[in-house]
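See below for the structure under consideration.
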Amino acid sequence: MYLELDGHGPLYDQLTRALKSSIVQGRIAPGTQLPPTRELADELDLSRTTVLAAYEQLRAEGFIAGRVGSGSFVSELQARPVNHHAVTAIPPPSRYAQRAREVRDWDIPRIHRGLRYNLQYGNPLVNPALNNAWGRELARAATYTRLLVNEVSGLEALRQQTCEYLARRRGVQAEPDDVLIVSGTQQAINLVSRVLLNEGDSVVLEEPHYFGAHQAFVAHGATLTAVRTDDDGIVCEELPEASPRLIYVTPSHQFPTGAILSLERRKALLRYAQKHQCWIMEDDYDGEFNYEAHPMPALRSLDQDGRVIYVGTFSKIMFGGLRLAYAVMPSALLPDFRNAKYLCDVACPVIEQAALAHFMEDGGFERHLRLARKELKTRREALIAGLKQYAHSRVEIADTPAGMHIVVWLRDYDQAKCEALIAFAHEKGLGLYPTAPLYLHASDRPGLMLGYCGVSVTELHEAMQLFGQCLDYFETR
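Under this note's numbering, the first residue of the sequence shown is numbered 69, with each subsequent residue one higher.
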């Protein structure tokens, strides 16, 4: 127990005042059991007689009450709350802190809770068998891993497994020294901002785009330029003439529209980066989930000039709470990114890294990935079938054979009517999410992001039936 004696008068008076102050200011809550007198005397290096005298005084004044056989407890008094903000003046926060506060207040898609059918996007598939397997891997890692802070770049075994996985699945050739293990894609975006951007530097985003990247770049003081996307991804002919510092793209499954960047445009984007001497951040957030077509090679696999920072995540495949991702770095940037990672949090947790490395080496990761791909493909097909059955021609489906969500565009709707539809569906227990907040410039094309990872095939059918009823309601108004 933290108690500070003021040094004035007898020790039992000092202890009485210290305890009374803690009770009145709410640091010791009503109903809290005070330590036994012998224990508190040992802790404060006082005699037990001194503590007994202080307790007796507090009991006499009604601050504490004794319970036979149980000890002394703080009485139910009206504690005076401490005003931690009662200061006359404080220095303003940094420009970064001010901008970060502003971007956190933006109107971004809010996650709904407690709905019967929540078509939330971004969450990975829930696989009960994974929980047991992961528990075994954690137990094994805790037993056999050296419990010391590992190197900044990440556990070598995990970086090695990452390289083998990327070569096999995404066509990316890399050495373990090229890989930086990070705490999720969002940390990778922040490290890119710290290392590459000064205030006022230009960053190109796809339009629409991932709002988390938008927020991070603005918080670091970047100037943003949004470049239109179509069915083949970002339109390279519309990239700015003035050289940007960074281009942020999601070529394997454009967020949110799902467009896959064509091979011709991938080559054009790389030529642009080489000509303008800028960097490209390739966010391959769910590139593993391609269900029909042969997956397009990652942009990084085509890069001959060392311009692409390739970022992928384990959390989308496993579970969100894992918070492990990776960045494959151009060699010229490695020292600066290691320094930035060290100053951020030194390194990622070693036990989780060791568990994941062994899970990958032992084949469990690939088994889970195959199961997830098969199940998500089935759910995607069920969602699209439900849309066709119940929404009919009232929506346009952005149907790409990849990812963990789809986008539907609402025909004959404006943004206000789209928001009203979302609110009405929410009242009926259906969680829908708008695309409008994912634009730098306001779009007159209302759309919805429909995630299918957290909803079963049966629930997806029921959800689409309810969605159709919501559309019916707005048709009659």
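Every residue, glycine too, gets a C-beta built ideally from N, C-alpha and C. In this text, all values refer to a predicted model and were calculated from it rather than measured experimentally.
Under 8 Å Cβ to Cβ from R208, same chain only, skipping five residues before and after it: list those, please.
-> Counted from its first residue, the sequence shown places residue 208 at position 140. Correct list, in chain order: A423 and H426.
Open item on the list: Excluding the 5 residues flanking A168 on each side, which residues of the same chain have their C-beta closer than 6 Å to its C-beta?
Closed with: Residue numbering aside, residue 168 sits at position 100 when the sequence shown is read from its first letter. For A168, where only same-chain residues beyond five positions count, the Cβ hits under 6 Å are A287.
If we ignore side chains and look at the alpha-carbon of each, how far apart do R375 and E72 end up?
Numbered from its first residue, the sequence shown carries residue 375 at position 307. Numbered from its first residue, the sequence shown carries residue 72 at position 4. Roughly 58 Å separates the two Cα atoms.
key: Reference K496; option with closest CA among R479, L518 and Q533   = As a first step, residue 496 must be located in the sequence shown, where it is residue number 428. Among R479, L518 and Q533, the Cα nearest to that of K496 belongs to Q533.
8 Å contact criterion, which P259 and L314 should meet: CB distance rounded: Position 191 of the sequence shown holds residue 259. Position 246 of the sequence shown holds residue 314. Looking at the sequence provided, one finds Leu at residue 259 rather than Pro. Actually they are not in contact, since the Cβ atoms of L259 and L314 sit about 12 Å apart, beyond 8 Å.
* Asked: If we count the other Cβ atoms within 10 Å of its Cβ and call it buried at 16 or more, is F535 buried or exposed?
  -> As a working note, residue 535 is residue 467 in the sequence shown. With 16 or more other Cβ atoms within 10 Å, it is buried.
- Taking the continuous beta strand (DSSP E) assigned at H473, which residues delimit it? To locate residue 473, count along the sequence shown from 1; it is residue 405. Its beta strand (DSSP E) spans residues H473 to L478.
* To do: Note down, in chain order, each residue of its chain lying with its Cβ closer than 8 Å to the Cβ of H509, except the 5 sequence neighbours on either side.
  => Mapped onto the sequence shown, residue 509 falls at position 441. Within the same chain, H509 has close Cβ partners E275 and A294.
- Query: According to the Cβ coordinates, are G326 and G471 closer than 7 Å?
  - Reply: Within the sequence shown, numbered from 1, the residue matching residue 326 stands at position 258. Within the sequence shown, numbered from 1, the residue matching residue 471 stands at position 403. Yes; because the gap between Cβ atoms is below 7 Å, this pair is in contact.
| task | Please report how far the alpha carbon of L506 lies from the alpha carbon of D480, in whole angstroms. | result | Residue 506 sits at position 438 when you count from the first residue of the sequence shown. Residue 480 sits at position 412 when you count from the first residue of the sequence shown. The alpha-carbon atoms of L506 and D480 are separated by roughly 20 Å.
| query | Grouping DSSP H, G and I as helix and E and B as strand, with all else coil, what is A128? | reply | What you label residue 128 is simply residue 60 of the sequence shown in a count that begins at 1. Helix.
On a Cα-Cα basis, can you pick out the residue from R448, C486 and A86 that is closest to N358? To locate residue 358, count along the sequence shown from 1; it is residue 290. When each option's Cα is compared against that of N358, the closest is R448.
Are G239 and A366 touching if we call contact CB-CB under 7 Å?
-> Reading the sequence shown from its first residue, position 171 is the one you call residue 239. Reading the sequence shown from its first residue, position 298 is the one you call residue 366. Taking a C-beta distance under 7 Å as the contact criterion, G239 and A366 qualify as a contact pair.
- Cα-Cα separation, V475 to C412: Translated into the one-based positions of the sequence shown, residue 475 becomes position 407. Translated into the one-based positions of the sequence shown, residue 412 becomes position 344. When rounded, the distance between both Cα atoms is 35 Å.
What would DSSP say about A147, mapped onto helix, strand or coil?
The residue labelled residue 147 in the question sits at position 79 within the sequence shown. Because A147 sits at a pLDDT of 49, beneath the cut-off of 50, its placement in the model cannot be relied upon, and the point is left open.
Report task. Report the partner residues of Q345 according to the DSSP bridge assignment. Result -> Stepping through the sequence shown from its first residue, residue 345 is reached at position 277. Answer by DSSP bridge pairing: none, since Q345 is not bridged.
query: In this structure, does DSSP put T381 in helix, strand or coil?
result: The residue given as residue 381 occupies position 313 in the sequence shown. Strand, per DSSP.
Per-residue DSSP class, three states only, for M517: Residue 517 sits at position 449 when you count from the first residue of the sequence shown. Of the three classes helix, strand and coil, the one that applies to M517 here is strand, per DSSP.
request  = Please state if the CB of V119 and the CB of L102 are separated by a distance shorter than 7 Å.
outcome  = Position 34 of the sequence shown, counted from the first residue, corresponds to residue 102. Position 51 of the sequence shown, counted from the first residue, corresponds to residue 119. In this structure, the beta-carbon distance from L102 to V119 does not fall below 7 Å.
Short of 7 Å in beta carbon distance, which residues of its chain neighbour T84, apart from the five on each side in sequence? Order them along the chain.
For the purposes of this step, residue 84 is taken as residue 16 along the sequence shown, with counting starting at 1. Closer than 7 Å at Cβ, skipping near neighbours: A122, Q125 and L126.
Problem set entry | Identity of the residue in A128, A504, E543 and Q537 nearest H277 by Cα | Here the question's residue 277 lines up with position 209 in the sequence shown. Distances from the alpha-carbon of H277 to those of A128, A504, E543 and Q537 put A504 closest.
Below 8 Å on the Cβ atoms is my contact criterion, and I expect V525 with T446 to pass it. Report the Cβ-Cβ distance as a whole number of Å.
Here residue 525 corresponds to residue number 457 of the sequence shown, with the count starting at 1. Here residue 446 corresponds to residue number 378 of the sequence shown, with the count starting at 1. Going by Cβ atoms, the distance from V525 to T446 rounds to 6 Å, so yes, they are a contact pair.
| message | Given this structure, state the Cα-to-Cα distance separating F492 from L539, to the nearest angstrom. | response | Mapped onto the sequence shown, residue 492 falls at position 424. Mapped onto the sequence shown, residue 539 falls at position 471. Pairing F492 with L539, the inter-Cα distance amounts to about 10 Å.
Review point. Looking only at DSSP bridge pairs, what is L248 linked to?
Key: Here residue 248 corresponds to residue number 180 of the sequence shown, with the count starting at 1. In the DSSP output, where bridge partners are listed per residue, L248 has A395.
Which value, in whole angstroms, describes the spacing of the CA atoms of W202 and G432? Residue numbering aside, residue 202 sits at position 134 when the sequence shown is read from its first letter. Residue numbering aside, residue 432 sits at position 364 when the sequence shown is read from its first letter. The straight-line gap from Cα to Cα measures roughly 9 Å.
Beta-carbon separation of V396 and A242 under 7 Å?
The sequence position of residue 396 within the sequence shown is 328, counting from 1. The sequence position of residue 242 within the sequence shown is 174, counting from 1. Yes; because the gap between Cβ atoms is below 7 Å, this pair is in contact.
task: Take the Cβ of Y70 as the centre, count every other Cβ of all protein chains shown within 10 Å, and call the residue buried at 16 or more, exposed below.
output: On the sequence shown, position 2 is the one that residue 70 refers to. Flag for Y70 reads exposed.
*Outcome for D512 when other beta-carbon atoms lying within 10 angstroms are tallied against a minimum of 16*: Numbered from its first residue, the sequence shown carries residue 512 at position 444. When all chains shown are included, D512 counts as exposed.
- Query: Could you give the residue range of the beta strand (DSSP E) that holds F582?
  - Reply: The question about residue 582 has no answer here: the residues shown for the chain are numbered 69 through 545.
Review point. Under a three-way DSSP split, which group does S261 fall into?
Key: Here the question's residue 261 lines up with position 193 in the sequence shown. Helix, per DSSP.
Distance, Cα to Cα, Y189 vs L500? Position 121 of the sequence shown, counted from the start, is the residue given in the question as residue 189. Position 432 of the sequence shown, counted from the start, is the residue given in the question as residue 500. Y189 and L500: Cα-Cα distance of roughly 10 Å.
Sort V414, S461 and I490 by Cα distance to G222 and report the nearest one. Position 154 of the sequence shown, counted from the start, is the residue given in the question as residue 222. Per the Cα distances, V414.
Requested in this report: Starting from E274, trace the beta strand (DSSP E) both ways and give me its first and last residue.
Outcome: As a working note, residue 274 is residue 206 in the sequence shown. E274 -> beta strand (DSSP E) spans S270 to E275.
Buried or exposed, going by whether 16 or more other CB atoms sit within 10 Å of the CB of N266? If you number the sequence shown from 1, residue 266 lands on position 198. Counting Cβ neighbours within 10 Å, N266 comes out exposed, since fewer than 16 surround it.
Presumed contact (8 Å Cβ cut-off) between R339 and I302, rounded CB distance | In the sequence shown, residue 339 corresponds to position 271, counting from 1. In the sequence shown, residue 302 corresponds to position 234, counting from 1. Their Cβ separation, rounded to whole angstroms, is 14 Å, which puts R339 and I302 out of contact at 8 Å.
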